[in-house]
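Step one of this worksheet: look at the structure below.
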Amino acid sequence: MSGELVGLVVVSHSGRLAEGVAEVAAQMAPDVTVKPAGGLPDGGVGTDFEAVLAAVTEAATGAGAVVLYDLGSAQMTAEMAVESLPEPDAAVIVDAPLVEGAIAAAVSAQGGGDRAAVATAARAAAGRPEVADTAGAVEPGGEAESGGEAESGGAGARAEITLVNEVGLHARPAALLARSVADLDADVRVSLGDTDADAKSVFSLMSLTARKGDTVVVTATGAQAEDAVARVTALAERNFDE
Amino acid sequence: MGCNAERVAEVLRAGGATVAEHKAELIELDRAIGDADHGENLDRGFAAVLTALDGGLPETPGAVLKVAATTLISKVGGAAGPLYGTAFLRAATKLGDASELDAAAVAAGLRAALDGVVARGKAEVGDATMVDALAPAVDAAERAQSDGGDPAAVLAAAADAAKEGADSTVPLTARKGRASYLGERSVGHADPGATSTALLLRAFAESAR
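As you go down the protein sequences, you meet chains R and H in turn.
Counting from 180, one number per residue, gives the positions in the first sequence under the numbering used here.
Counting from 14, one number per residue, gives the positions in the second sequence under the numbering used here.
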């Protein structure tokens, strides 16, 4: 499975930092290879070329790798490691916030994104995600009902979903939702009140801060709009697998 | 007189000795504006280079420098690893299979090293980095070579210019590396990388005499 997905490498001056970031990212993307490469062989602070090269080599075996780094020399060490690969094009180094970038990249990779898409997801994790103001565009949820109900018509589909899981659209559920629609040919939006989010972006979803008891509206347009709404509805009915 | 592989290895040993000798000074410089690891890292790296050369002397100057490059890349752990590693690697590539280096080759090797450091670290003169020592050193080396200097004279000219260049970083605001986080508070301190570059070139020059 992981052979088909883009792998990730987290290069840090600290072994514990790299492992921690990899741990958090891997939680969002169970099938993605996330390799930490931090610290020196003796446990000290620094970046170890051999360790980075080994991690990049392992992560890049499938659909290539995206490499994130923490500080200056980690970038240079990563560059040298990538240049040392038999096929340097197999890995992309991205300038992205380490934690948010790794998570966004992991979710994108889990959804089957290619190297460019995963790298773009990581870079886009900088700063606050874009949240469109769509006041009036969709009716905020009226009848709260666990699991929600879907309606569809022509070009689009729509469902209202009341969140009954404990953490609402927090990190893990947001990642599951984004992954569930990532491969569909549809523009999928999730809105809460006056704000809406791109359902394929985990950070956009998280920025809604939709909590337990909130009713969100899922709208989709495009060829697979109905599939998209059905998948999100099914996910909510499964209580986001909590 | 040209420099063969054995002489180049001797020059590197002198570089390693000077790094060990000035380790505490480099650590102090880096403690003021960085993460205090430059002296330690460079010393570990050069010690490993000398160990590698003890294990067998490569046949050409370029091959000696390549051993230094790959060892520094593997062992240093901080920014100095990729930067010095790239410098030695580019120089090694430039020298190719030549069995003896004349003054022109030494100057060309230094120029290739500078180009490598700039490509790797993306620093310019004035950013308070090792480029501030290496760039004037290369210019001086090329002038000395075109004036008819031998390899030792070329390295001596480079060392003098590198020392001036390292001193010139004191009033500068660091714009690269860990020191850049300090902004204007980095003013008043010599850059550790520029200082180690000057120390190494001085040791190379004296050893080549």
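All C-beta atoms, glycine included, are put in the ideal place defined by N, C-alpha and C.
By the Cβ criterion, the stretch 242-250 of chain R is not in contact with the stretch 106-114 of chain H, since fewer than three pairs of Cβ atoms, one from each stretch, lie closer than 8 Å. For the stretch 240-254 of chain R, residues whose beta-carbon sits nearer than 8 Å to a beta-carbon of chain H comprise Leu250, Gly251, Ser252.
Chain-order list of chain R residues neighbouring H:Ser87: Phe228, Glu229, by C-beta distance under 7 Å. Around the beta-carbon of R:Arg337, 16 or more other beta-carbon atoms lie within 10 Å, marking it buried.
Closer than 9 Å to the CB of H:Lys189 there is at least one CB belonging to chain R. Note that the C-beta distance between R:Pro215 and R:Ser191 is below 9 Å. At a cut-off of 9 Å between beta carbons, R:Leu219 contacts chain H.
Within the stretch 190-209 of chain R, no residue places its CB atom closer than 7 Å to a CB of chain H.
For R:Pro352, the CB contacts under 7 Å within the same chain, skipping 5 residues up- and downstream, are Asn344, Val346, Phe419 in chain order. Secondary structure note for R:Val246: its beta strand (DSSP E) is the uninterrupted segment 244-248. H:Leu96 belongs to the set of residues whose beta carbon lies under 9 Å from a beta carbon in chain R.
Annotated as proximal: H:Val200 and H:Val183, with beta-carbon spacing under 9 Å.
The distance from the Cβ of R:Ala285 to that of R:Ala208 is about 4 Å, consistent with a contact at the 8 Å cut-off. Here the C-alpha atom of R:Pro276 lies approximately 12 Å from the C-alpha atom of R:Thr299. Judged by DSSP secondary structure, H:Arg26 falls within the alpha helix (DSSP H) whose first and last residues are 18-34. Counting along the chain, R:Arg358 sits inside the alpha helix (DSSP H) bounded by residues 350-360.
Around H:Leu127, the same chain offers Leu147, Ala148, Val151 as residues with beta carbons nearer than 7 Å, after the five sequence neighbours per side are excluded. R:Glu339 carries a strand assignment under DSSP once its states are collapsed to helix, strand and coil.
Of R:Ala234, R:Val297, R:Ala409, the smallest CA-CA separation from R:Gly335 is found for R:Ala409. When the beta-carbon positions are compared, H:Ala18 and H:Pro95 stay at least 9 Å from each other. For R:Ala389, same chain residues with a beta-carbon under 7 Å away, outside a window of 5 residues either side, are Leu342, Gly347, Leu348, Leu371, Val395 in chain order.
Scanning its chain for C-beta atoms nearer than 7 Å, with the 5 sequence neighbours on each side dropped, one finds around H:Ala153 the residues Ala170, Ala171, Asp173, Ala174, in chain order. No Cβ of chain R is located within less than 9 Å of the beta carbon of H:Arg198. Within chain R, no C-beta atom comes nearer than 8 Å to that of H:Arg44; the closest sits roughly 14 Å away. Under the 9 Å criterion on CB atoms, H:Arg133 is classed as interfacial with respect to chain R. In the DSSP assignment, R:Leu187 falls within the unbroken beta strand (DSSP E) covering 186-191.
Within chain R, not a single residue places a beta-carbon under 8 Å from that of H:Asp204; the smallest gap is close to 14 Å. When DSSP assignments are scanned along the stretch 32-67 of chain H, the uninterrupted stretches of alpha helix (DSSP H) that are 4 or more residues long and fall wholly within it turn out to be 36-46, 51-67.
For the pair of segments examined, the stretch 131-143 of chain H was found not to touch the stretch 153-163 of chain H: the number of CB pairs separated by less than 8 Å stays below three. Looking only at H:Arg188, H:Ala187, H:Asp204, H:Ser193, the smallest Cα-Cα distance to H:Ala179 is reached by H:Asp204. Taking 9 Å as the CB threshold, R:Val224 lines the interface with chain H.
Exposed is the label assigned to R:Thr240, since fewer than 16 other Cβ atoms lie within 10 Å of its Cβ. With distances taken between CA atoms, H:Arg44 lies nearest to H:Gly206 out of H:Ser220, H:Arg215, H:Ala218, H:Gly206.
Under DSSP, the beta-bridge partners assigned to R:Pro215 are R:Val189.
Collapsing the DSSP output to three states places R:Arg410 in a helix. Each residue's CA atom was taken as its position, placing R:Thr236 and R:Glu266 some 10 Å apart.
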